[in-house]
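5 is the number of the first residue of the sequence shown in the numbering used here; add one for each residue after it.
Here is the structure we will look at, set down as structure tokens.
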Amino acid sequence: MTATTELKISGNPHGGVLHVQTPERYAMDIAIDVLKYLDESPDISVKDTGWKQGFGLEVSAWIPIDTENVSAELMTDGDECYIRRSSGSLRVFTVMFEDICQFLIMRHNARLDAETKAAFE
Numbered sequence: 005m006t007a008t009t010e011l012k013i014s015g016n017p018h019g020g021v022l023h024v025q026t027p028e029r030y031a032m033d034i035a036i037d038v039l040k041y042l043d044e045s046p047d048i049s050v051k052d053t054g055w056k057q058g059f060g061l062e063v064s065a066w067i068p069i070d071t072e073n074v075s076a077e078l079m080t081d082g083d084e085c086y087i088r089r090s091s092g093s094l095r096v097f098t099v100m101f102e103d104i105c106q107f108l109i110m111r112h113n114a115r116l117d118a119e120t121k122a123a124f125e
């Protein structure tokens with residue numbers, strides 16, 4: 005038995021948008037994990053619009069993410085999660101973009117490992 009959970013990451017930091025798809029799964033948990041991950045960074049400020057309670061009621065609206073040099077926003081829509089640069093340094097957004105992609109890949113691989121292990125128990 006194999007795990008079937010998919011994760012599709014696309015976008016271009018130079019275009020200013022990161023697009024994450026979780027086919028057949030609501031993307032809210034990914035958005036909350038990304039927000040928690042970013043919020044733990046001392047250089048990043050994430051506006052608390054209710055997502056910290058774990059219900060994600062406000063993640064369907066754009067949530068501001070700010071650093072000293074770039075402003076970005078995150079939102080979800082069904083099985084999709086978007087992060088876009090609103091203003092500031094393209095270089096800093098590119099670093100943030102790549103960091104989030106690495107986080108999502110590590111998170112996804114850990115989930116697949118857990119699902120595969122559970123399938124064989």
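Don't be surprised by glycine CBs; every beta carbon is placed ideally from N, CA and C.
Look at the alpha carbon of residue i and the alpha carbon of residue j, and state the distance between them as a whole number of angstroms.
i    : j    : result
I48  : C105 : 16 Å
N113 : A31  : 16 Å
V3   : Q25  : As displayed, the chain neither begins before 5 nor continues past 125, which places residue 3 out of reach and without an answer.
R29  : R88  : 21 Å
S91  : T120 : 41 Å
A118 : K12  : 19 Å
F124 : E10  : 19 Å
E44  : S93  : 21 Å
Would residue i be called buried (16 or more neighbouring beta carbons within 10 Å of its own) or exposed?
i    : result
A65  : exposed
M110 : exposed
R2   : Nothing about residue 2 can be reported from this structure: the residues present for the chain run from 5 to 125 only.
F97  : buried
A35  : buried
P17  : buried
DSSP beta-bridge partners for residue i?
i   : result
Q25 : K12, E84
R89 : A76
I67 : L78
Figure out for me which residue from the options has the closest Cα to the Cα of residue i.
i    : options             : result
S75  : Y41, V24, G54, M100 : M100
G19  : L108, Y86, N73, D81 : Y86
P27  : A122, G82, D37      : G82
F107 : V21, H23, I69, V38  : V38
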